[in-house]
Amino acid sequence: MSGKINRFLLFMLFMFICNAAFAKGAAEICRAIYRDNHSEEWIREAVLAHPNVKEIVKMIKTTDSPQYRMYILMKDETKVILSGVRILDDNSIIGFSVRIGDYTAPRMLVYDTNIERYLYSNISAGYDNEKYQEYIDTMDLNFLLNNFKEIEEFFSSLPCLTKEETDLLYERREKEIKILQNVDWEKVKKNYSYYVVLKADDFSWSQWKVE
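For the sequence shown, the positions run 0 to 210 when numbering that gives the first Met the number 0 is used.
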């Protein structure tokens, strides 16, 4: 008899644990749904409350999940474009900087052995800039808005390629690009981490298109 009682008590304990786990899971799902439904409103409020921000010029939902592309005008008139802006479970907001000022985010020059051509890529071997590297490590939107001027200065210190110059790169005429005259192309071929930025208004993804 006592064996049946023990089995019954174990069964009841198991059911209690399962119900508690289900309730916790359901609560987390409800919180996630509520956060997703209010994410645009919360992101807008957080960004507009930042002392460096003048206005959000445009905000576009870019995927089925609540991620946004944002066009932000800072109080000093600097243009900032962000992609993948979203709220995490801890209510922090992250996003990737597509454009700051006149520049895109840095690209690394690489050599593609398959096509035997130099090109630029979004891959990174780490950045020689403390503020930008810290931002890349966290993607924290508040950190970017706090430090955008220093990050913009870092971008401006890198060679800036126009559309015409990137065309030369694709045509295997990299040595004709004046701004890259000091590049050791053999080092690039051996995976030397050499970075450039692109002139933002020359490239569709980072152009200031707010129509």
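Ideal Cβ positions, reconstructed from N, Cα and C, are used throughout, including at glycine.
Leaving out the 5 sequence neighbours to the left and right, which residues in its chain are closer than 6 Å to residue i when beta-carbon positions are compared?
{"i": "Ser203", "result": "none"}
{"i": "Phe142", "result": "Tyr134"}
{"i": "Asp173", "result": "It is worth fixing the name first, because residue 173 is Glu in this sequence and not Asp. Excluding residues within five positions, the ones whose Cβ falls inside 6 Å are Tyr117."}
{"i": "Leu197", "result": "Thr103 and Leu160"}
{"i": "His49", "result": "Leu144"}
{"i": "Glu164", "result": "Ile176"}
{"i": "Glu39", "result": "none"}
So if DSSP puts residue i in a beta bridge, which residue, or which two residues, is it bridged to?
{"i": "Thr165", "result": "DSSP output for Thr165 lists no bridge partner at all."}
{"i": "Glu54", "result": "Leu72"}
{"i": "Arg116", "result": "Asp111"}
{"i": "Phe95", "result": "Ser82"}
{"i": "Tyr194", "result": "Met107"}
{"i": "Leu160", "result": "Leu197"}
Under 8 Å between the Cβ atoms of residue i and residue j?
{"i": "Phe147", "j": "Ile99", "result": "yes"}
{"i": "Glu151", "j": "Thr77", "result": "yes"}
{"i": "Ile178", "j": "Leu160", "result": "yes"}
{"i": "Arg171", "j": "Arg106", "result": "no"}
{"i": "Ile59", "j": "Ser205", "result": "no"}
{"i": "Ile55", "j": "Ile86", "result": "no"}
{"i": "Val182", "j": "Tyr169", "result": "no"}
{"i": "Leu157", "j": "Val195", "result": "yes"}
{"i": "Lys162", "j": "Asp111", "result": "no"}
{"i": "Asp101", "j": "Ala199", "result": "yes"}
Which same chain residues, not among the five before or five after residue i, have their C-beta less than 8 Å away from its C-beta?
{"i": "Thr61", "result": "Tyr67, Arg68, Ser82 and Gly83"}
{"i": "Glu175", "result": "Leu167"}
{"i": "Val52", "result": "Val46, Ile71, Leu72, Met73, Lys74 and Leu144"}
{"i": "Lys130", "result": "Asn146, Glu149, Ile150 and Phe153"}
Would you say residue i faces chain C, with C-beta separation under 8 Å as the test?
{"i": "Leu47", "result": "The displayed structure is made up of one protein chain only, and chain C is not part of it."}
Looking at the structure shown, is residue i part of a helix, part of a strand, or coil, going by DSSP?
{"i": "Ala104", "result": "coil"}
{"i": "Leu144", "result": "helix"}
{"i": "Tyr131", "result": "helix"}
{"i": "Ile122", "result": "coil"}
{"i": "Ile42", "result": "helix"}
{"i": "Ile59", "result": "strand"}
{"i": "Asp139", "result": "strand"}
{"i": "Tyr33", "result": "With a pLDDT of 47 at Tyr33, under the threshold of 50, the modelled position of that residue is not reliable, and the figure given next carries that caveat. Note: Tyr33 maps to helix in three-state DSSP."}
Ignore the nearest five residues each way along the sequence and tell me which others in residue i's own chain have a CB closer than 7 Å to its CB.
{"i": "Gln132", "result": "Gly125 and Tyr126"}
{"i": "Phe95", "result": "Leu81, Ser82, Gly83 and Met138"}
Check whether the region 185 to 192 and the region 85 to 96 are in contact - that is, three or more C-beta pairs closer than 8 Å. Judged by Cβ distances under 8 Å, the region 185 to 192 makes no contact with the region 85 to 96, as fewer than three pairs qualify.
Contact between the region 64 to 72 and the region 114 to 127 is defined here as three or more beta-carbon pairs at a separation below 8 Å; is this criterion met? no
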